[in-house]
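The sequence shown begins at 15 in the numbering used here and counts up one residue at a time. Accompanying notes for the structure given below.
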Amino acid sequence: MEIREAVENDIEALTSLMEQLGYPTTIEAMRTRFHTIESSPDYHTLVASYDGKIVGMVGMAKGYYYELNGVYVRIVALVVDVNFRNKGIGKKLVVEAESWARIIGATRIGLNSGIRPERAHAHKFYKNIGYVEKSRGFVKSLPN
């Protein structure tokens, strides 16, 4: 298995992974998103490749504290292909995310994970690798 930065040629695989994460999209929409994300120095996207096939990804964003000095990293997307789960790929992706966070001087790393029943295994995974439940999130859609 290899972990590397995502590139343009990974967009089709990223589209499939987003669908598995529960966010159906098109290749063209993913291409547009990827170009926007890739153009920002505050975002970083890694993929896991196994025998030449993209089997996982982690997307991260650097953020700035209001209440503290310094920066943090938020994992905004983490998914492993359903056919490759429970092989240590997700853990390796998180380790690499934590490494990037340290490199850019972040003092914390966090993520949000929905409370839907299908996320129960993900919640157990995060707890097993040292993450703790800390906050409750709220969302509001803003009409155009």
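Yeah, the Cβ is synthetic: ideal placement off N, Cα and C, and Gly gets one too. None of these values were measured; they are calculated from a predicted model.
| query | result |
| --- | --- |
| Residues that DSSP places opposite Ala75 in a beta bridge | Tyr57, Arg88 |
| DSSP three-state assignment for Thr121, whether helix, strand or coil | strand |
| DSSP-derived helix/strand/coil call for Tyr64 | strand |
| Three-way DSSP call (helix, strand, coil) for Val94 in this model | strand |
| Residue from Thr29, Ile118, Phe48 with nearest C-alpha to Lys76 | Ile118 |
| Gly104 classed as buried or exposed, judged by whether at least 16 other C-beta atoms fall within 10 angstroms | buried |
| The segment 91 to 98 contacting the segment 19 to 35, beta-carbon criterion three pairs below 8 angstroms | yes |
| Beta strand (DSSP E) segment containing Arg47, residue limits | Taken as a continuous stretch (DSSP letters only), Arg47 belongs to no beta strand (DSSP E), being part of the alpha helix (DSSP H) at 41 to 52. |
| Status (buried if at least 16 other CB within 10 Å, exposed otherwise) for Leu107 | buried |
| Strand pairing of Arg18, partner residues [DSSP] | Val61 |
| Three-way DSSP call (helix, strand, coil) for Val108 in this model | helix |
| With 16 other Cβ atoms within 10 Å as the buried cut-off, status of Ile41 | exposed |
| Rounded separation between Thr1 and His58 - CA only | Because the chain spans 15 through 158 in this model, residue 1 falls outside it and cannot be assessed. |
| DSSP bridge partner residues for Gly70 (one or two, in chain order) | Ala62, Val94 |
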